Structures are given as structure tokens and as C-alpha cells.
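In this note's numbering, the protein residues as written are 44 to 378.
Here a beta-carbon is modelled for each residue, glycine too, at the ideal position from N, C-alpha and C.
All figures in this text were calculated on a predicted structure; none of them were measured in a lab.
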Amino acid sequence: MPLLDIRNLTIELDTPYGRVKALEKVSLTLNAGEVHGLLGESGSGRTLLARAIMGIPEANWSVTVDRMMWDGKNLLEMTAKQRRQIMGSEIAMIFQDPSASLDPAITIGSQLLEAMPSNKQLPFWRRRGSRKLEMQKWLHKVGVKDPERLIHSYAWELSEGECQKVMIAMALANKPKLLIADEPTNLMEVSTQAQIYRLLSKLNQIQNVSILLISHEIETLSQWCGRLTVFYSGQVMESGTTDELLSKPLHPYTKAMLECLPDYDNPQSHKTIMPTLAGSAPPLQHLPIGCRLGPRCPQAQKQCVNQPNLHHLRDRYYACHFPYNIEPENDDSAA
Ligand code: SF4
């Protein structure tokens, strides 16, 4: 049984330009202990999906979904209180902008202390002390060298990297089954980035924490994730194991992304123009008819004015009428 199973999730947003489909018929399956990468550029809908899983929608959202199961429980049938309980203890999220997620008027120590789970087996007068020890342990685990200074600081006194480590410590202290990390190393220096990813990987291996890693960097995701799902303009383009997806991309968007990666083995001469996918992602209020990649796709043909369904081929999924690397008649349509 998968840990998380979402089928045909659609999120529409009410905007000044009318109602737009920010996420359309997105399906996602995540198994226990899996590290799954959500790859896509800004605005492709990955963060919306993460927020929908967490159960923190905005007032202008309109959500429809066929199935949304968490660990065998139907999230759609739960009350807001039950969702909040799961959110705090079983699913945790590291947000993109760590300093904005922390309260600037309260010390880091107080915020961390509040997030630490209380050991109910201890007498009440010893619980605070035990939470303090737990806090220091987690700060140490996430690589904070000087926990005492950090505990007495405010968020605005810390670097982005330190704020992110605090957020990670907060998220992990409750030992969640699923950790959603939305661009967890955004704005960090390279050495800290590697440290954070190593920590996440260690947690996955030692504590079997499933991780949903959101990023726009294909190299980073391919290094840490067992499976990848590629998003474009609010839809899933392709999904599969990392090895297969990188070695045999089915979707033109995935292929184009791989072709745009610099080849460090064959350095280019000075001022060589890097390959790119022409054009840019369409604004949600002006989506093209049919396939959303259509105007930019090097493979586009007449049939692409009809929106492609998500097809299923062994453990791969792709949404394209003319995929690479397979004969189209070999597949089954999943939607
Ligand atoms: S359906 Fe057509 S336009 Fe869309 S990705 Fe496939 S080939 Fe390109």
C-alpha cells in the first residue's frame, strides 16, 4: 500500500483575470521510504501540490480530486482538526523561504521549543528540560556548530542557511513519515547545500523517512531521488525511476531539459551559445489549446491540439502523443 496516493488533483485559482487551472489532473504515488523528486520551473505547480498535501489551501483555491489517501486513510473524509494533527506529526514541510517562515519577534529557541514533541511519560516538571535537550540534539544533527548562540538569536540575525537548518530541525523533531522539502537549499552556499542533502539522505536511510524533494535542478534531484516527476505549466509531463527517466526520456520536455545541461566532459569553446528550449512557459490565463508544451515543442504535430492523456507504460507515465524512445501503440492510457 502506498504511503501517499493522489489521483487527478485539479486546483483552480480565482484571479483578477478569471479562474485559471494552476494544477490539472495531477496524480502522484509515493511509497514508504522513497525519495521522490518533483522537477519543474517556477510556477509549474509543484508547491501548490505540496500545499494541497499539507492541507493548507488559500482562500481563492477550488480543489477537485478523485482520490487522496494517506497511509490507508482518506484525507478527503477528515475534519480540519484531523488534518492538522497529521500535518504536525506525520507530514512535515520545509518551506522555500525559511526566514519568512520564522517569527521575527520570538527567539529561535522559543520557537524550536514549541515545535519539540513533549514526552508524556515524564512528570510534567521534567518535560520542558527534556524538550530542551531534544532541541539541542536536533540542532546538532542538522549541522549547527554553535547552538547556544542560535537559540538566543532572532530570525533576522541569522543567515538563510541557519534559518533553513532551524526549519529542518523543527520539521524533523516530530519524526514525520513524510518530509516535503520545497527547494530546501534555495539561496544557500554550495557547501551548506551538500550538507543539507546529505542530512536528508541519512534520515531517509536510517529512519525510513519518505521525502518529496521539490527543485528546478535536474542534477540535484537525480543525485538524491529514486523517482522523478516532471511538471510543466501545472501538469505532469512524465514520471518514472530516475535512471530510466535520465537514460531514456519519453517526453520532449524532459529530453529538452537534459539537452540543456552543460557537458563538463567536453568543455565548449568561449562564447558558445548554450542549447535552450525556445520560448517560455505560458501564463496560466493564456494557456494554449491542447498540449501545454505545444508552442515550444520540437516534436509538435497536428494531433497536439488535442490534450494528451497521461499514458502508463510499465512503471513510467508520460503525457505526449509522440514520445521518444517507444512505439506509441505499446502503451495503455491511464486517464
Ligand atoms: S503532445 Fe505534441 S506538443 Fe505535446 S509534448 Fe507531445 S509532441 Fe510535443
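Cutoff 6 Å; reference residue i; Cβ partners in own chain excluding five residues on either side
i    : result
Q311 : none
E133 : P219, K220
Heavy atom of the ligand SF4 within 8 Å of residue i beta-carbon
i    : result
C303 : no
P351 : yes
G76  : no
H355 : no
Y307 : no
L336 : yes
Q344 : yes
A143 : no
P147 : no
P366 : yes
P292 : no
A321 : no
Within 9 Å, strictly: CB atoms of residue i and residue j
i    : j    : result
Q278 : G152 : no
D140 : A198 : no
I211 : I96  : no
K163 : L327 : no
E281 : A362 : yes
T272 : L82  : yes
H259 : E226 : yes
L289 : S265 : yes
M111 : I149 : no
K218 : V187 : no
T90  : I239 : no
With 16 other Cβ atoms within 10 Å as the buried cut-off, status of residue i
i    : result
T297 : buried
T107 : exposed
Q248 : exposed
P59  : exposed
7 Å CB neighbourhood of residue i in its chain, flanking five on each side removed
i    : result
R94  : P100
D358 : G283, T284
Beta-carbon proximity list for residue i, same chain, < 8 Å, skipping 5 on both sides
i    : result
C340 : P295, Y296, C334, C347
I369 : L293, L356
N74  : P45, L46, S253
P325 : S276, P331, R335, P338
Bridge partner(s) assigned by DSSP for residue i
i   : result
T90 : Paired residue(s): none; T90 is not in a bridge.
R62 : D57
D48 : T72, M112
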